[in-house]
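Undergrad:
Protein chains: 2
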Amino acid sequence: MSYKAPVNDMLFNIEHLARIDQIAQLPGFEEAGLETAQAVLEECARFNEEVVAPLNFDADKAPSSHSGTSVTTSKGFKEAYKQYTEGGWQGLQHPADFGGQGLPKTIGAACGEMLNSANLSFALCPLLTDGAIEALLTAGSDDLKATYLEKLVAGEWTGTMNLTEPQAGSDLAQVRTRAEPQPDGTYKVFGTKIFITYGEHDMADNIVHLVLARVQGAPEGVKGISLFVVPKFLVGKDGSAGERNDVYCVSIEHKMGIKASPTAVLQFGDKGGAVGYLVGEENRGLEYMFIMMNAARYAVGVQGIAIAERAYQKAVAYAKDRVQSRPVDGSVKGSATIIHHPDVRRMLMTMRALTEGCRAMASTAAAAYDAAHHHPDAEVRKQNQAFYEFMVPLVKGYSTEMSLEVTDLGVQVHGGMGFIEETGAAQYYRDAKILTIYEGTTAIQANDLVGRKTARDGGQGAKALAAQIETTEKQLAGGNDDAQAVARRLKAAREAFVDVVDFIAAQSKGDPNAAYAGSVPYLLLTGNLVAGWQLGRALLAAQTQLGQGSDDAFMKAKIVTARFYADHILTRVPATRDAIVEGAASVMALPQEAF
Amino acid sequence: MSYKAPVNDMLFNIEHLARIDQIAQLPGFEEAGLETAQAVLEECARFNEEVVAPLNFDADKAPSSHSGTSVTTSKGFKEAYKQYTEGGWQGLQHPADFGGQGLPKTIGAACGEMLNSANLSFALCPLLTDGAIEALLTAGSDDLKATYLEKLVAGEWTGTMNLTEPQAGSDLAQVRTRAEPQPDGTYKVFGTKIFITYGEHDMADNIVHLVLARVQGAPEGVKGISLFVVPKFLVGKDGSAGERNDVYCVSIEHKMGIKASPTAVLQFGDKGGAVGYLVGEENRGLEYMFIMMNAARYAVGVQGIAIAERAYQKAVAYAKDRVQSRPVDGSVKGSATIIHHPDVRRMLMTMRALTEGCRAMASTAAAAYDAAHHHPDAEVRKQNQAFYEFMVPLVKGYSTEMSLEVTDLGVQVHGGMGFIEETGAAQYYRDAKILTIYEGTTAIQANDLVGRKTARDGGQGAKALAAQIETTEKQLAGGNDDAQAVARRLKAAREAFVDVVDFIAAQSKGDPNAAYAGSVPYLLLTGNLVAGWQLGRALLAAQTQLGQGSDDAFMKAKIVTARFYADHILTRVPATRDAIVEGAASVMALPQEAF
């Protein structure tokens with residue numbers, strides 16, 4: 001089997017870190033206890049292991065292709081997608097009102113990881129549909145909801161996000177696509193959008209494009225951007241896809257990775273104007289798009305965890321199979337499988353610890369999301385919302401950056417074979433690199449973390465997080481050697497974090513270059529700390545479970561992994577503090593002309 | 001222009017770090033002063049910028065192809081290679097006795113960097129030829145030298161290294177290719193070799209394979225391996241390539257990167273036996289192969305610097321061109337080129353500092369090589385040889401690992417465009433990944449550093465290096481703010497290094513798993529320290545030059561870059577110490593079955 005879903009680890013997080021027992025007490029989630037989680041995850045694992053994962057390698061070698069205005073997806077995608085929709089997977093987290101199953105994100109995120117581990121390129125289509133659903137749920141009129149949501153939730157139609165234009169990447173103020181109001185209340189949309197994931201394909205009956213555009217006379221910049229629904233096929237009175245709309249795929253990109261996912265250039269309005277329907281109010285498009293983006297950013301973070309897990313599994317399998325050289329400790333006479341060698345073990349442990357750390361962080365964030373949306377107490381909702389929002393750039397930024405390290409190590413474990421495309425490890429290395437770029441580069445996540453999440457409240461939210469971490473440290477400090485070691489590393493990292501928070505809060509007004517010079521290092525430091533913290537919590541839970549009839553081998557492995565993370569990864573944090581706090585000036589010291 | 005050779009930086013290193021004035025005092029190098037270096041580098045720059053670099057992108061898209069037993073290289077390679085040989089570039093560092101120019105490695109390494117920046121795939125062919133020349137010079141009989149060296153030094157024929165077999169990668173003890181002695185003193189060679197770079201191609205009249213094989217009855221393991229010359233065409237009495245030998249290319253690999261360089265599977269002896277000529281004595285093959293490998297390992301380190309430089313130049317060009325978003329410091333009203341943004345600047349500075357640091361390290365190592373081979377005083381030769389040998393795993397291991405970070409940042413600076421193959425940044429990311437694998441993975445380099453270079457003498461050599469670094473620290477400590485800052489970081493890093501050296505020397509016998517668990521981190525730490533040290537020396541030299549009629553802008557940039565390196569990269573060292581010294585146990589703590 002090319003992929004085996006880590007159901008045990010996911011359920012451990014769901015039970016002990018996300019606390020599904022508490023989530024199941026929230027209104028609307030009464031059925032969503034641990035048993036439900038287990039049943040859903042096991043079924044999801046089966047589907048992804050058997051149906052989706054086997055398509056991954058071949059699809060990379062024979063990507064989606066473009067001809068005329070249509071795109072043919074890789075072999076097997078259409079059939080697998082049909083099974084995906086028939087299994088109801090698209091609706092997992094969406095409201096029952098529109099045909100979904102209304103399960104918590106805590107469960108949905110784990111399922112999302114599996115789909116992405118199985119096939120990153122395939123999984124992008126549902127990921128974008130989720131975003132479109134979120135946007136319409138939040139800002140769409142009743143009409144739009146009635147027309148589109150059931151089809152999207154069922155996965156019969158898919159969604160896209162149309163933000164980027166050649167001159168407008170990270171800077172959406174530059175969007176030039178324009179929308180002209182029509183007498184019937186619709187708009188005609190004109191312009192070119194690039195980098196549109198699944199902007200054209202053959203897996204669904206209709207594609208619902210969510211498009212940023214400017215209405216004539218709108219203010220300059222981001223305050224003049226509106227959001228439109230522009231379906232590939234106009235929807236008839238009977239609710240079915242009818243007449244072709246004036247939006248066409250003119251080409252798809254040749255990319256380094258995620259080759260099977262078609263990345264389209266879409267042309268709107270070359271034949272008189274694409275019919276668009278305003279979402280919400282004019283000029284509030286960016287606000288609505290952020291709803292999609294926040295959902296998508298979290299999901300892309302999960303993609304990082306997913307590709308890391310897949311790379312880890314492949315590396316472990318190779319390390320257990322490949323025989324080469326004698327172990328340095330003489331434990332085997334003659335050649336041994338390379339998993340005996342300390343440096344291979346170090347690589348595998350690094351891969352494992354990073355992956356489990358980020359998974360734990362994402363699971364905890366998902367629980368906060370669920371509480372933020374379902375808790376009866378407004379104050380609790382607010383706290384959880386703040387926690388979740390702080391986590392989004394970390395889940396996105398840190399999990400994806402770590403996936404580069406993990407997929408690199410995955411190739412490295414394979415040695416020369418890793419560089420040969422036939423082996424498959426190289427695909428993960430190539431695929432992963434998009435994750436630090438799309439849905440906002442790591443720098444964009446870091447700007448969010450520095451600006452909105454840290455400097456805006458003078459670092460108060462960040463310090464509240466530090467206080468929570470300190471509580472875990474104290475619990476760990478009373479434990480055994482492993483727990484105490486983790487406590488020490490966590491304390492050093494948390495103190496470094498607070499130093500950086502103070503620095504950023506102090507500099508952000510007076511010397512913004514200094515604050516932002518350390519933005520990405522600050523994000524990585526914070527993600528590292530939070531993932532380490534969650535593994536600290538995991539260690540405490542695992543120690544409690546030992547000898548209690550749970551899977552002791554799993555619990556022991558969790559403890560070892562948490563310890564490894566603390567020794568080898570959390571230790572990076574204080575160094576990063578020094579670079580941020582003392583090194584800001586040297587970032588900007590070289591004049592532009594000297595580059 | 002797609003590539004501009006950094007001649008100024010190279011000459012600065014050659015003058016101030018490698019001290020070409022001292023090299024020019026060595027017997028045989030009397031003509032090799034700064035003026036010669038400048039003339040050679042400028043000519044080399046022109047050739048690589050104009051002839052080799054323009055082929056790089058297209059060759060990646062239309063790689064070498066295999067048909068029957070022959071390989072056709074990418075468009076333009078054959079013609080460019082002809083110009084390369086006509087320019088005498090292959091013979092740059094090789095003895096005048098065989099038609100070379102006998103220039104020091106200090107100059108040759110800089111030229112090698114240019115060729116590799118221009119086109120990594122193309123440059124591999126000469127790189128392997130250099131290795132074959134080294135092996136024959138050291139261990140070949142007069143006959144072999146007379147038959148092969150002039151042609152190789154001229155580049156008319158090319159060389160290969162045939163080590164790897166499917167079961168024998170890092171572990172050469174497993175080599176199974178066999179050689180049967182013939183009555184005429186030749187051998188017949190039978191076996192399969194894989195991953196043979198330029199094992200077949202159409203750029204030269206003959207290919208001289210250097211092949212590891214076992215003579216019948218040889219001892220088991222590495223002590224039973226001999227080295228053979230197996231030419232593609234047998235050489236006639238007149239010295240020209242004649243009858244086809246029984247070695248054929250059966251396929252070439254599909255790789256993630258360096259696609260234009262054919263990586264061959266070679267079959268020896270399927271038609272009765274490939275004629276081979278023993279190099280040196282039987283069963284000493286590995287020893288000779290290490291001569292090739294040490295040359296090749298240094299050269300692969302230079303490849304890391306080269307691809308990093310190219311990625312840096314591309315990222316700088318994009319950052320100066322791409323307009324997106326307002327600077328956070330308000331220095332520009334409206335959108336600005338992205339080089340204004342602190343995080344882009346941080347990425348560019350990181351790329352620059354890593355590249356310059358590794359270049360400085362390689363240049364200093366090259367000077368030691370030259371002194372080790374040409375100094376009249378045996379004791380000085382010995383010291384320089386020891387220094388050079390300590391440097392080889394660092395130049396190879398650290399420069400290539402850093403090239404992964406630099407090429408990653410290169411893609412990241414480009415945002416979404418970086419992931420599109422048309423842009424070209426992705427190629428560097430894909431190409432670089434082989435560098436940490438071939439000619440000995442980073443772990444193999446680290447084993448060398450831990451075992452032969454550190455533990456064997458109880459850390460004495462390593463500590464002698466630390467003492468040299470301390471001398472530079474003291475010089476820096478008396479300088480201005482920048483110098484003092486670098487001194488502080490260097491001191492902390494050097495102390496951490498000594499801690500690790502003590503740890504490794506202490507553990508290598510009693511607990512080898514603990515010593516080797518930290519082997520790669522130790523290599524990275526040491527490479528980081530040595531590169532930072534050389535930039536510290538560079539800073540001192542640059543400050544002396546300021547206002548003395550040199551290029552002041554260059555000198556100021558060097559100072560800023562050294563400071564950045566100290567603040568942002570040297571700061572990683574103490575963290576790595578903690579992971580090695582305190583984290584060894586957790587590397588091996590997870591039982592194999594728990595993976």
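The listed protein sequences derive, respectively, from chains A and B.
One point on numbering: in UniProt numbering, the residue at position 415 of the first sequence is 415, and numbering is uninterrupted.
One point on numbering: in UniProt numbering, the residue at position 332 of the second sequence is 332, and numbering is uninterrupted.
All residues carry an ideal CB built from backbone N, CA and C; glycine is no exception.
Within 10 angstroms of the Cβ of residue 591 of chain B, are there 16 or more other Cβ atoms? Answer buried if so, exposed if not.
TA: The sequence position of residue 591 of chain B within the second sequence is 591, counting from 1. By the 10 Å Cβ count, residue 591 of chain B comes out exposed.
Undergrad: Interface residues of chain A around residue 177 of chain B at Cβ under 9 Å?
TA: Locating residue 177 of chain B in the second sequence gives position 177, where the first residue counts as 1. Result: empty, since nearest Cβ-Cβ is about 17 Å, beyond 9 Å.
Undergrad: Quick check on the burial criterion: 16 or more other C-beta atoms within 10 angstroms. Buried or exposed for residue 130 of chain B?
TA: Position 130 of the second sequence, counting from 1, holds the residue named residue 130 of chain B. Its Cβ being crowded by 16 or more others within 10 Å, residue 130 of chain B is buried.
Undergrad: Write down every uninterrupted run of the beta strand (DSSP E) in the stretch 113-196 of chain A whose length is 3 residues or greater and which is fully enclosed by it, in chain order.
TA: Complete beta strand (DSSP E) runs here, min 3: 157-162 and 178-181.
Undergrad: Tell me where the beta strand (DSSP E) around residue 299 of chain A begins and ends.
TA: Within the first sequence, the letter at position 299 stands for residue 299 of chain A. Unbroken run through residue 299 of chain A is the alpha helix (DSSP H), 285-321; no beta strand (DSSP E).
Undergrad: Express the C-alpha separation of residue 299 of chain A and residue 109 of chain A in angstroms, rounding to a whole number.
TA: Against the first sequence, residue 109 of chain A aligns to sequence position 109. Against the first sequence, residue 299 of chain A aligns to sequence position 299. Straight-line Cα distance between these residues: approximately 8 Å.
Undergrad: Taking Cβ-Cβ distances shorter than 8 Å, what residues in chain B pair up with residue 335 of chain A?
TA: Residue numbering aside, residue 335 of chain A sits at position 335 when the first sequence is read from its first letter. Residues of chain B passing the Cβ test: 171, 173 and 174.
Undergrad: Tell me which residues share the same chain as residue 459 of chain B and place their Cβ nearer than 8 Å to its Cβ, disregarding the 5 neighbours each side in the sequence.
TA: Start at 1 with the first residue of the second sequence, and residue 459 of chain B comes out as number 459. Contacts found: 501, 502, 504 and 505.
Undergrad: With DSSP run on the structure shown, which of helix, strand or coil describes residue 445 of chain B?
TA: The residue you call residue 445 of chain B lines up with position 445 of the second sequence. Reduced to three states, the DSSP call for residue 445 of chain B is helix.
Undergrad: The beta strand (DSSP E) that contains residue 234 of chain B, what's its start and end?
TA: For the purposes of this step, residue 234 of chain B is identified with residue 234 of the second sequence, where counting begins at 1. Note, residue 234 of chain B: beta strand (DSSP E), 233-235.
Undergrad: Under 7 Å between beta-carbons, which chain A residues line up against residue 438 of chain B? List them in chain order, please.
TA: One-based indexing of the second sequence puts residue 438 of chain B at position 438. Those are 416, listed as they occur along chain A.
Undergrad: By the three-class DSSP mapping on this structure, what secondary structure does residue 595 of chain B have?
TA: Locating residue 595 of chain B in the second sequence gives position 595, where the first residue counts as 1. Coil.
Undergrad: Do the stretch 412-427 of chain B and the stretch 460-476 of chain B touch if we need at least three Cβ pairs shorter than 8 Å?
TA: The stretch 412-427 of chain B is not in contact with the stretch 460-476 of chain B.
Undergrad: Among A/277, A/107 and A/194, whose alpha-carbon lies nearest the alpha-carbon of residue 29 of chain A?
TA: Along the first sequence, read from residue 1 onward, the residue named residue 29 of chain A stands at position 29. Answer by Cα proximity: A/107.
Undergrad: Is there a C-beta anywhere in chain A that falls below 8 Å from the one on residue 329 of chain B?
TA: By one-based count along the second sequence, residue 329 of chain B stands at place 329. Yes, residue 329 of chain B lies at the interface with chain A (some Cβ there is under 8 Å from its Cβ).
Undergrad: Could you tell me the alpha carbon to alpha carbon distance between residue 97 of chain B and residue 568 of chain A, rounded to whole angstroms?
TA: Within the second sequence, the letter at position 97 stands for residue 97 of chain B. Within the first sequence, the letter at position 568 stands for residue 568 of chain A. Rounded to whole angstroms, residue 97 of chain B to residue 568 of chain A spans 53 Å at the Cα level.
Undergrad: From residue 368 of chain B to residue 382 of chain B, what distance separates their C-alpha atoms?
TA: The count along the second sequence starts at 1 and reaches residue 368 of chain B at position 368. The count along the second sequence starts at 1 and reaches residue 382 of chain B at position 382. Each residue's alpha carbon lies about 10 Å from the other.
Undergrad: Does the beta carbon of residue 583 of chain B sit closer than 8 Å to a beta carbon anywhere in chain A?
TA: On the second sequence, residue 583 of chain B is found 583 positions in, with the first residue counted as 1. Interface residue, yes.
Undergrad: Entirely within the stretch 347-403 of chain B and at least 4 residues each: give me those alpha helix (DSSP H) ranges in chain order.
TA: None, since the stretch 347-403 of chain B contains no complete alpha helix (DSSP H) of that length.
Undergrad: To the nearest angstrom, report how far apart residue 394 of chain B and residue 405 of chain A are at their CA atoms.
TA: Reading the second sequence from its first residue, position 394 is the one you call residue 394 of chain B. Reading the first sequence from its first residue, position 405 is the one you call residue 405 of chain A. Distance between the alpha carbons of residue 394 of chain B and residue 405 of chain A: 20 Å.
Undergrad: Tell me where the alpha helix (DSSP H) around residue 14 of chain B begins and ends.
TA: Taking the first residue of the second sequence as position 1, residue 14 of chain B is located at position 14. Premise fails: residue 14 of chain B is in no alpha helix (DSSP H) and is neither H nor E.
Undergrad: For a quick check, are the C-beta atoms of residue 316 of chain B and residue 348 of chain B less than 8 Å apart?
TA: The residue labelled residue 316 of chain B in the question sits at position 316 within the second sequence. The residue labelled residue 348 of chain B in the question sits at position 348 within the second sequence. Against a cut-off of 8 Å, the Cβ pair of residue 348 of chain B and residue 316 of chain B comes out as a contact.
Undergrad: Indicate whether the contact test is met: 3 or more Cβ pairs, each with one atom in the stretch 523-536 of chain B and one in the stretch 351-365 of chain B, closer than 8 Å.
TA: They touch, by the three-pair rule.
Undergrad: Assign residue 39 of chain B to buried or exposed, taking buried as 16 or more other Cβ atoms, counted over all protein chains shown, within 10 Å of its Cβ.
TA: Position 39 of the second sequence holds residue 39 of chain B. By the 10 Å Cβ count, residue 39 of chain B comes out exposed.
Undergrad: Compute the distance between the beta-carbons of residue 186 of chain A and residue 275 of chain A, then report whether it is under 8 Å.
TA: Residue 186 of chain A sits at position 186 when you count from the first residue of the first sequence. Residue 275 of chain A sits at position 275 when you count from the first residue of the first sequence. In this structure, residue 275 of chain A lies closer than 8 Å to residue 186 of chain A by Cβ.
Undergrad: For residue 95 of chain B, which residues in the same chain have their Cβ closer than 6 Å to its Cβ, ignoring the five residues on either side in sequence?
TA: Stepping through the second sequence from its first residue, residue 95 of chain B is reached at position 95. 102.
Undergrad: Just by C-beta distance, which residues in the stretch 210-242 of chain A are closer than 8 Å to chain B?
TA: Result list empty, no residue passes.
Undergrad: Check this for me: beta carbons of residue 205 of chain B and residue 70 of chain B, under 8 Å apart or not?
TA: Position 205 of the second sequence, counted from the start, is the residue given in the question as residue 205 of chain B. Position 70 of the second sequence, counted from the start, is the residue given in the question as residue 70 of chain B. Going by C-beta atoms, residue 205 of chain B is not nearer than 8 Å to residue 70 of chain B.
Undergrad: With H, G and I counted as helix, E and B as strand and the rest as coil, what does DSSP make of residue 337 of chain B?
TA: As a first step, residue 337 of chain B is located in the second sequence; it is residue number 337 there, counting from the start. The answer is strand: DSSP assigns residue 337 of chain B an E or B state.
Undergrad: Give me the residue from A/36, A/556, A/244 and A/128 with the minimum Cα distance to residue 272 of chain A.
TA: On the first sequence, position 272 is the one that residue 272 of chain A refers to. The residue with the shortest Cα to Cα distance from residue 272 of chain A is A/244.
Undergrad: Quick check on residue 79 of chain B: buried or exposed, where buried means 16 or more other Cβ atoms within 10 Å of its Cβ?
TA: Against the second sequence, residue 79 of chain B aligns to sequence position 79. Classification of residue 79 of chain B: exposed, given that the 10 Å Cβ count is below 16.
Undergrad: Per DSSP, residue 214 of chain A is paired with what?
TA: Indexing the first sequence from 1 puts residue 214 of chain A at position 214. According to DSSP, residue 214 of chain A bridges with A/178 and A/225.
Undergrad: Kindly say whether residue 408 of chain A, judged by its beta-carbon, lies nearer than 8 Å to any beta-carbon of chain B.
TA: Reading the first sequence from its first residue, position 408 is the one you call residue 408 of chain A. Yes, contact with chain B.
Undergrad: So what does residue 111 of chain B bridge to, in DSSP terms?
TA: Here residue 111 of chain B refers to the residue found at position 111 when the second sequence is read from its first residue. DSSP lists no partner for residue 111 of chain B.
Undergrad: Which whole-angstrom value describes the C-beta separation of residue 63 of chain B and residue 259 of chain B, a residue pair presumed to lie in contact below a C-beta threshold of 8 Å?
TA: If you number the second sequence from 1, residue 63 of chain B lands on position 63. If you number the second sequence from 1, residue 259 of chain B lands on position 259. That belief holds up - the Cβ atoms of residue 63 of chain B and residue 259 of chain B are roughly 4 Å apart, short of 8 Å.
Undergrad: Rounded to the nearest angstrom, what separates residue 162 of chain B and residue 442 of chain B at their Cα positions?
TA: Working through the second sequence from its first residue, we reach residue 162 of chain B at position 162. Working through the second sequence from its first residue, we reach residue 442 of chain B at position 442. When rounded, the distance between both Cα atoms is 20 Å.
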